[in-house]
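S.K.: Going by this note's numbering, the sequence shown opens with residue 34, and the numbers climb by one from there.
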Amino acid sequence: MIRLRIAVLFLAVVVITGIAGYRFLEGYTWFEAFYMTIITISTVGFQEVRPLSPAGRLFTIGLLFAGLGVVLYTAGTVTAKIVEGEFQQFFGRRRMEKQIDALTNHYLVCGYGRIGEVICRELVSKPVPFVVIELEEARIRKVEEAGYLLLKGDATDEKVLLVAGVIRAKGLFATMPIDADNVFMVLTAKDLNPSIFVVARAETERSEKTLAHAGANKVISPYAMGGHRMAQAALRPAVVDIIELATHYRSLELQLEEIVVPMGSPCEGVTLGDSGLCQEPGVIVVAIKRALGEMIFHPSADERIEAGDRLVAMGEIARLRWLERQVESTSST
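Dropping the structure here:
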């Protein structure tokens, strides 16, 4: 960029010098001086406005050499920037594709609108690997500025989903603003990877049912959820404060976390009391969600933990990390 600015500056100096020289040496009008300068430095070779004096001819020779050098330098610089940009774009795209190819158990965020942007922030805070699929140029620039893995393309296209690693992905967020696109995306993703967990955005109640029938595991209506949250903020402000504190990605005081019990976990087959998970101060096991979908709120100490269960716990981040280690870290022993 600095070289390009210098080249443009030199070119402007040559043009201004040429105009001033013809104006004051030959008495040309400003337009005639500009005309003579342009045809000289561009080596076009049209007829002179009027016969030049010996001083004017010497000036023209100097202007020709200076102008030709500057024009060649400017053209070379511009060409180098263009080629360099194309190479950077090509190799950058190849590097991004290799990073995506190496991902497993990642998430696909299809659409980087306002909802997609919030989802990405939440995923980064976890952190978990994810890929953004976006087609609109303005949003693509925002993804690049944020530094997220990006795949440029139409998320409803089966080929694009395959390149994004949908077969290896753990989850997909269908956040396109048009419900029909989300329905088609869910159908395609589920056909390619039946086990992928899909969360879809819905604009209308009718679309919620359609997306659920298409295979979406969870369907969220931003407007319905926003209206519900606003009503609860007025009716139950303390409850909303706790929920926001526990679920906001920037919260350092309190977090609500979900921990999956893997096969071979030291907690598998033992009661909640015997596992010792309730003995850690500052951690509360709010619920246990069974593998078959049953939800047990405020489980007792006699509740048995099985592989595939999801423990919903609340506490400080450090305490929750301890809980995760207790459940998962020795699962291989």
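C-beta: ideal position from N, C-alpha, C; glycine also.
I think E236 touches D212, with their Cβ atoms under 8 angstroms apart; what is that distance to the nearest whole Å?
M.R.: 5 angstroms
S.K.: Looking at the unbroken alpha helix (DSSP H) that takes in E291, where does it start and where does it end?
M.R.: It is not in any alpha helix (DSSP H) - E291 instead sits in the beta strand (DSSP E) that spans 288–293.
S.K.: Taking 9 angstroms as the cut-off, decide whether the C-beta atoms of E357 and I292 are in contact.
M.R.: yes
S.K.: Would DSSP call T304 helix, strand or coil?
M.R.: strand
S.K.: Between the C-alpha atoms of G186 and L168, what's the straight-line distance to the nearest angstrom?
M.R.: 5 angstroms
S.K.: Span of the beta strand (DSSP E) holding F184?
M.R.: It is Leu, not Phe, that sits at residue 184 in the sequence shown. Start and end: 183–185.
S.K.: I need the straight-line Cα distance from T62 to T112, nearest angstrom please.
M.R.: 35 angstroms
S.K.: Within 10 Å of its beta-carbon, does H261 have 16 or more other beta-carbons around it, so buried, or fewer, so exposed?
M.R.: exposed
S.K.: For T143, tell me which candidate among V232, I49, M296 has the shortest Cα-Cα distance.
M.R.: Before going on, a small fix: residue 143 reads as Cys here, not Thr. When each option's Cα is compared against that of C143, the closest is V232.
S.K.: From this set, V193, V199, A188, G198, which residue's C-alpha is nearest V216's C-alpha?
M.R.: A188
S.K.: By the DSSP assignment, the alpha helix (DSSP H) with V176 in it spans what residues?
M.R.: 170–179
S.K.: Just to confirm, is the Cβ distance from L289 to V319 under 9 angstroms?
M.R.: yes
S.K.: Which residues in the same chain have their Cβ closer than 8 angstroms to the Cβ of Y55, if we skip the five residues on either side of it in sequence?
M.R.: So the qualifying residues of the chain are Y61, E65, A66, M69, T70, G89, F92.
S.K.: Checking 9 angstroms against the spacing of the C-beta atoms, do L344 and I350 come in under that value?
M.R.: no
S.K.: Any idea if N226 is buried or exposed, counting beta-carbon neighbours within 10 angstroms, 16 or more meaning buried?
M.R.: With 16 or more Cβ atoms within 10 Å of its Cβ, N226 is classed as buried.
S.K.: Assign Y140 to buried or exposed, taking buried as 16 or more other Cβ atoms, counted over all protein chains shown, within 10 Å of its Cβ.
M.R.: buried
S.K.: Using a Cβ-Cβ cut-off of 8 angstroms (strictly less than) and excluding sequence neighbours within five positions of S365, which residues of its own chain qualify?
M.R.: For S365, the predicted structure reports a pLDDT of 42, less than 50, and the residue's modelled location is therefore unreliable. The matter cannot be settled from this model.
S.K.: Classify C143 as helix, strand or coil using the three-state DSSP reduction.
M.R.: strand
S.K.: Counting C-beta neighbours from all protein chains within 10 Å, is the total for G204 16 or more, i.e. buried, or is it exposed?
M.R.: G204 should be labelled buried.
S.K.: The alpha helix (DSSP H) spanning M263 covers which residue range?
M.R.: Going by DSSP, M263 is part of the alpha helix (DSSP H) stretching over 255–268.
S.K.: Excluding the 5 residues flanking E241 on each side, which residues of the same chain have their C-beta closer than 8 angstroms to its C-beta?
M.R.: Correct list, in chain order: A235, V252, S254.
S.K.: Measure the Cβ-Cβ separation of V193 and I166 and say whether it is below 9 angstroms.
M.R.: Yes, Cβ-Cβ distance for V193 and I166 is below 9 angstroms.
S.K.: May I ask you to list the residues that DSSP assigns as paired with G348?
M.R.: Q288, V316
S.K.: What's the gap between the Cα of A202 and the Cα of E155?
M.R.: 17 angstroms
S.K.: Consult DSSP for S364 and reduce its assignment to one of helix, strand or coil.
M.R.: The predicted position of S364 is uncertain, since its pLDDT is 43 and thus under 50; a value taken from the coordinates is nonetheless stated next. In this structure, S364 counts as coil in the three-state DSSP scheme.
S.K.: If contacts are defined as beta-carbon pairs under 8 angstroms, then I148 and T208 qualify, I think. What distance do you get, rounded to the angstrom?
M.R.: 5 angstroms
S.K.: With which residues is E412 paired in a DSSP beta bridge?
M.R.: Only positions 34 to 366 of the chain appear in the structure, and residue 412 is not among them; the question remains open.
S.K.: Alpha carbon to alpha carbon, what distance is there between G198 and T110?
M.R.: 39 angstroms
S.K.: Report the three-state DSSP secondary structure of G204 (helix, strand or coil).
M.R.: strand
S.K.: Which residues does DSSP list as the beta-bridge partners of K322?
M.R.: Paired residues: M328, R343.
S.K.: Leaving out five residues before and five after S86 in sequence, what residues of the same chain have Cβ atoms less than 8 angstroms from its Cβ?
M.R.: L58, E59
S.K.: Distance, Cα to Cα, S228 vs V41?
M.R.: 57 angstroms
S.K.: Between which two residues does the beta strand (DSSP E) containing A233 stretch?
M.R.: 230–234
S.K.: Report the option in C153, I52, V48 whose CA atom is closest to the CA atom of L101.
M.R.: Relative to L101, the option among C153, I52, V48 whose CA is nearest is V48.
S.K.: Specify, as a first and last residue, the run of the alpha helix (DSSP H) that D214 falls within.
M.R.: 212–225
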